[in-house]
Amino acid sequence: MNVLGIDHGSKRVGLAIGSTDAGVAAPLKLLDHHGEAALIEDIKAVIVSERVDHVVVGLPISKDGRSTEQTEIARAFAAKLEEALDVPVVLEDERLSSREIEAHMEAMGGKKAWKASGLDRDTAAATLFLQSFLDRMKTE
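In this note's numbering, each residue's number is its place in the sequence shown (first place is 1) plus 37.
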């Protein structure tokens, strides 16, 4: 089963792709957020081209586990996606992905080295929480 990870942001949306068969997630692409309707159409095109069977949207929860305004925005977006798509949409806790990305950035020599590598924070976040989802699927 092919799975699309989505790190939804107000300006950029990071996408990652993974497979439950291989159990591996990888960065896919970065989309500019030019309105929800256009974004959903862009995601639909990716779902068709990548033969996606399942979508995982990152759920930004505060460090102490509470919902924030961003949490509610992500939930509403996931609900709209589920209405618009022919595939299941689930939410995945993404609160640790930011810390991991910061650690990777530091290990690579900071923000300048990170940017020079061509990596971006949004697709990296999508890849991390999608990998977490795939790892959990293996054990269930």
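Ideal Cβ positions, reconstructed from N, Cα and C, are used throughout, including at glycine.
Buried or exposed (CB count within 10 angstroms, at least 16 for buried), residue i
i, result
"Arg158", "buried"
"Glu131", "buried"
"Pro125", "exposed"
"Ser99", "exposed"
"Ser169", "buried"
"Ala115", "buried"
"Ala23", "No statement about residue 23 is possible, as the shown extent of the chain runs from 38 to 177 and does not include it."
"Asp101", "exposed"
"Gly55", "buried"
"Ala113", "exposed"
"Ala62", "buried"
"Asp44", "buried"
Expected contact under 8 Å - CB spacing of residue i and residue j to nearest Å
i, j, result
"His178", "Ser47", "Lying before the first or after the last residue shown, residue 178 is absent from the chain, which here runs from 38 to 177."
"Val89", "Val40", "7 Å"
"Lys66", "Thr160", "7 Å"
"Leu167", "Gly42", "3 Å"
For residue i, three-class secondary structure by DSSP
i, result
"Ser86", "helix"
"Glu129", "strand"
"Leu41", "strand"
"Ser56", "strand"
"Asp185", "An answer regarding residue 185 cannot be provided, because it is not within the stretch 38 to 177 covered by the chain."
"Leu158", "Here the sequence assigns Arg to residue 158, which means Leu is not the residue at that position. Three-state result, Arg158: helix."
"Asp69", "strand"
Candidates the options, of which the one nearest residue i by Cα
i, options, result
"Thr176", "Gly60, Glu106, Val124, Val83", "Gly60"
"Leu52", "Ala74, Gly95, Leu171, Ala75", "Gly95"
"Leu165", "Ser56, Asp58, Pro64", "Pro64"
"Glu78", "Lys117, Thr108, Ile98, Asp44", "Lys117"
"Leu122", "Val93, Gln107, Glu109", "Val93"
"Ile110", "Leu128, Lys100, Ala163", "Leu128"
"Asp58", "Ala74, Leu68, Met38", "Met38"
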